[in-house]
Amino acid sequence: MKIRWVVLPIALLVLGLIALTAADDAKAGKPASPVYGVTVPDGYRRWQFIASAREAAPFDELRVVLGNAIAVRAYRKGTLPFPDGSVLVKLAWKEVQSPDFASATIPGAATSVQVMVKDSKKYAASGGWGFGRFIGGVPTDEAQHRTCFACHRARVADRDFVFTRIAP
Ligand code: HEC
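Count the sequence shown with mature numbering (1 follows the signal peptide of the UniProt record, and there is no 0) and you get residues -22 to -1, 1 to 146, in order.
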């Protein structure tokens, strides 16, 4: 009987440590952006739609911004700044002619996935947002990541550095 009381907590501790290590491994395995250490969030394709955008030449891209539950709630309530834990993902594709309908353009090859993560303490130097840009799942270089906040700050500082408004 006595032995059990000793063994049980130890067994739980060991199991806990194994679980923690596994979680760390999963995180470490994901490629993170330079400067910010932002990764592509799991399951983001199931997040809610915020708005679409079309970018003219030379990009010729169709874009969609998705938000996690915290970001969507903030959008709906008009909460600014966005609360910590808000995550926005922008997906982009080459705009191509629909093979089925003359006046329609549709998403072609995927070009990039861009991520903004709100953590007001960790990213205090960049308006509370961490940035990540990924091509084929691989983060782009540091020079590109030095441009993110500058452009967002120059144009939409009054909306917590977020361009996209929720589509009506
Ligand atoms: C030259 C200006 C510019 C730069 C540089 C820039 N962005 Fe943006 N970003 C925009 C615009 C404009 C939008 C609005 C959607 C659109 O038109 O594609 C946007 C939208 C976004 C969004 C969706 C949320 C929002 O603010 O609307 C994310 C996420 C994002 N950008 C991430 C990044 C990351 C990561 C980088 C750096 C690698 C970056 N951006 C660099 C202009 C810029």
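We put the CB at the ideal spot given by N, CA and C, even for glycine. Only a predicted model underlies this, so the values are computations on that prediction, with no experimental measurement involved.
- Here P117 is buried, its C-beta having at least 16 other C-beta atoms within 10 Å.
- Taking the Cβ atoms as the reference, K72 lies roughly 5 Å from A87, within the contact range of under 8 Å.
- Within its own chain, the residues whose Cβ lies closer than 7 Å to the Cβ of A29, once the five positions on either side in sequence are excluded, are V43, T142, R143, I144, A145, listed in chain order.
- For the options V13, T17, G7, the alpha carbon positioned closest to that of I113 is the one of T17.
- DSSP places V134 in the uninterrupted alpha helix (DSSP H) bounded by 126 to 134.
- Residue environment for L66: buried (at least 16 other C-beta atoms within 10 angstroms of its C-beta).
- Straight across, the Cα-Cα distance linking W25 with P19 is about 10 Å.
- Here K68 carries a strand assignment [DSSP, helix/strand/coil].
- Not a single heavy atom of the ligand HEC lies less than 6 Å from the C-beta of L40.
- Linking K68 to V91 through their CA atoms gives a straight-line distance of about 6 Å.
- Proximity to V13 across F37, K100, H123 peaks at H123, based on C-alpha coordinates.
- Per DSSP, I113 is one residue of the beta strand (DSSP E) stretching across 107 to 113.
- For R23, the three-state secondary structure derived from DSSP is helix.
- Measuring C-alpha to C-alpha distances from P9 to each of D138, D119, A135, Y53 identifies D119 as the nearest.
- Selection around the ligand HEC by beta-carbon proximity, strictly under 5 Å to any non-hydrogen atom, yields A31, R41, V43, L66, K68, Q92, M94, F109, R111, Q122, T125, C126, C129, V140, F141, T142 in chain order.
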